[in-house]
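In terms of UniProt numbering, the sequence shown opens at residue 1 and continues consecutively. By construction, the Cβ of each residue, glycine as well, lies at the ideal position given by its N, Cα and C atoms.
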Amino acid sequence: MRLGGQVFIEDITPEKWIKKLQEKNYRAAVFPIDHTASDEEILSYQKAAEAADIVIAEVGAWSNPISPDPVVREKAINYCKDQLRLADRIGANVCVNISGSRGNQWDAPHPDNFSEATFNLIVKTVQEIIDDVKPTNTFFALEMMPWALPDDTETYLELMKAIDRKEFAVHFDPVNMLNSPRKVYRNRELIEEFFEKLGPYTKTAHAKDIALGTELTTHLSEVIPGEGILDYDAFLLGMDKLGPEIPLMMEHLDTEAEYDKATAYIRKKAEQLGIQL
1 MRLGGQVFIE
11 DITPEKWIKK
21 LQEKNYRAAV
31 FPIDHTASDE
41 EILSYQKAAE
51 AADIVIAEVG
61 AWSNPISPDP
71 VVREKAINYC
81 KDQLRLADRI
91 GANVCVNISG
101 SRGNQWDAPH
111 PDNFSEATFN
121 LIVKTVQEII
131 DDVKPTNTFF
141 ALEMMPWALP
151 DDTETYLELM
161 KAIDRKEFAV
171 HFDPVNMLNS
181 PRKVYRNREL
191 IEEFFEKLGP
201 YTKTAHAKDI
211 ALGTELTTHL
221 SEVIPGEGIL
231 DYDAFLLGMD
241 KLGPEIPLMM
251 EHLDTEAEYD
261 KATAYIRKKA
271 EQLGIQL
């Protein structure tokens, strides 16, 4: 497994980027520039990563390709295509987005997010993105969300079957599928079920943690790995079975110190389990 996380750099260059990744002993990274960068700049980051044995875990395509606003939807679909072309060009493990939202905010809850019509729209949209780009060196993936499809293992399987494209793969975020207290307390079982059914299709994952608050009504919060109740034994053991090159990317932390703390926890847990990072 290859651990990675955000690095904090002013006036980033390929050299500064690699130096910081190596200081943190990260062996995977999110590509730090997008498709609008020049060919020369893209190549310089790609070559720097290759020379330093850094795997590009993902290229983000964060947008709302199922927006009810046709202008927003078209712009998002084109952005996904452009980012998928970039991921294919540099050999990233995945180009990843969420499915989107039927609301006005790109990642917001909405009553139509779980409808059959939205499921079909997601299928059609992903097929269009993949069929237009025809990637051969990467995959397109959707990140699970607590209030949008896919929100669990079964809906991811249903989407994979309906999309029916070999270039569609899985991006795993176990915290995002824990959208109720029952699921939070069953997270080990749900993680193990995920790896049993979707492990072979998984190309990368996000490392976070989750805590259940005591205030009413239900409050589920992302926290630093090690400060919540996610079963990291089950998570890391499942990831380890996917091979030595699978990236595990920490995210959503605010400071370098928080990433250092999360890194220390994950490394210690991996060492206890006999897993190499």
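Residue range of the unbroken beta strand (DSSP E) whose run includes residue i
i: residue 2; result: 2–4
i: residue 60; result: 55–60
i: residue 212; result: 209–212
i: residue 97; result: 94–97
i: residue 169; result: 168–172
Residue closest to residue i, alpha-carbon to alpha-carbon, out of the options
i: residue 131; options: 167, 259 and 76; result: 167
i: residue 16; options: 114, 49 and 213; result: 49
i: residue 94; options: 68, 56 and 128; result: 56
i: residue 259; options: 134, 20 and 106; result: 20
i: residue 210; options: 223, 219 and 216; result: 223
i: residue 151; options: 129, 165, 183 and 192; result: 183
i: residue 54; options: 271, 265, 264 and 249; result: 249
i: residue 272; options: 244, 243, 256 and 232; result: 232
Where the alpha helix (DSSP H) containing residue i begins and where it ends
i: residue 181; result: 181–185
i: residue 24; result: Here residue 24 belongs to no alpha helix (DSSP H), and DSSP marks it neither H nor E.
i: residue 239; result: 232–240
i: residue 43; result: 39–51
i: residue 273; result: 256–273
i: residue 222; result: Taken as a continuous stretch (DSSP letters only), residue 222 belongs to no alpha helix (DSSP H), being part of the beta strand (DSSP E) at 220–223.
i: residue 76; result: 70–90
Cutoff 7 Å; reference residue i; Cβ partners in own chain excluding five residues on either side
i: residue 26; result: 3, 4 and 5
i: residue 163; result: 123, 126 and 127
i: residue 33; result: 41, 42 and 45
i: residue 254; result: none
i: residue 181; result: 212 and 218
i: residue 261; result: 224
i: residue 176; result: 143, 144, 145 and 146
Close beta carbons around residue i, own chain, < 6 Å, minus the five adjacent residues each side
i: residue 172; result: 202 and 205
i: residue 178; result: 184, 187 and 210
i: residue 165; result: 130
Secondary structure of residue i, DSSP reduced to three states
i: residue 153; result: helix
i: residue 7; result: coil
i: residue 194; result: helix
i: residue 65; result: coil
i: residue 278; result: This structure cannot speak to residue 278, because the chain is shown only from 1 to 277.
i: residue 137; result: coil
i: residue 32; result: coil
i: residue 247; result: strand
i: residue 215; result: coil
i: residue 124; result: helix
i: residue 114; result: coil
i: residue 205; result: strand
i: residue 148; result: strand
i: residue 159; result: helix
i: residue 227; result: coil
i: residue 17; result: helix
i: residue 176; result: helix
i: residue 100; result: coil
i: residue 109; result: coil
i: residue 130; result: helix
C-beta contact flag for residue i and residue j at 9 Å
i: residue 101; j: residue 78; result: no
i: residue 236; j: residue 275; result: yes
i: residue 58; j: residue 96; result: yes
i: residue 195; j: residue 144; result: no
i: residue 76; j: residue 67; result: yes
i: residue 188; j: residue 234; result: yes
i: residue 86; j: residue 31; result: yes
i: residue 198; j: residue 170; result: yes
i: residue 136; j: residue 88; result: yes
i: residue 139; j: residue 133; result: no
i: residue 1; j: residue 200; result: no
i: residue 51; j: residue 22; result: no
Residue i: CB within 8 Å of a non-hydrogen atom of the ligand ZN
i: residue 212; result: The model on display carries no ligand, and the ligand ZN is accordingly not part of it.
Neighbourhood of residue i by C-beta, 8 Å cutoff - its chain only, sequence neighbours within 5 removed
i: residue 109; result: 101, 103, 147 and 148
Minimum Cβ-Cβ distance from residue i to chain C less than 9 Å
i: residue 133; result: Protein chains in the displayed structure number just one, and chain C is not present.
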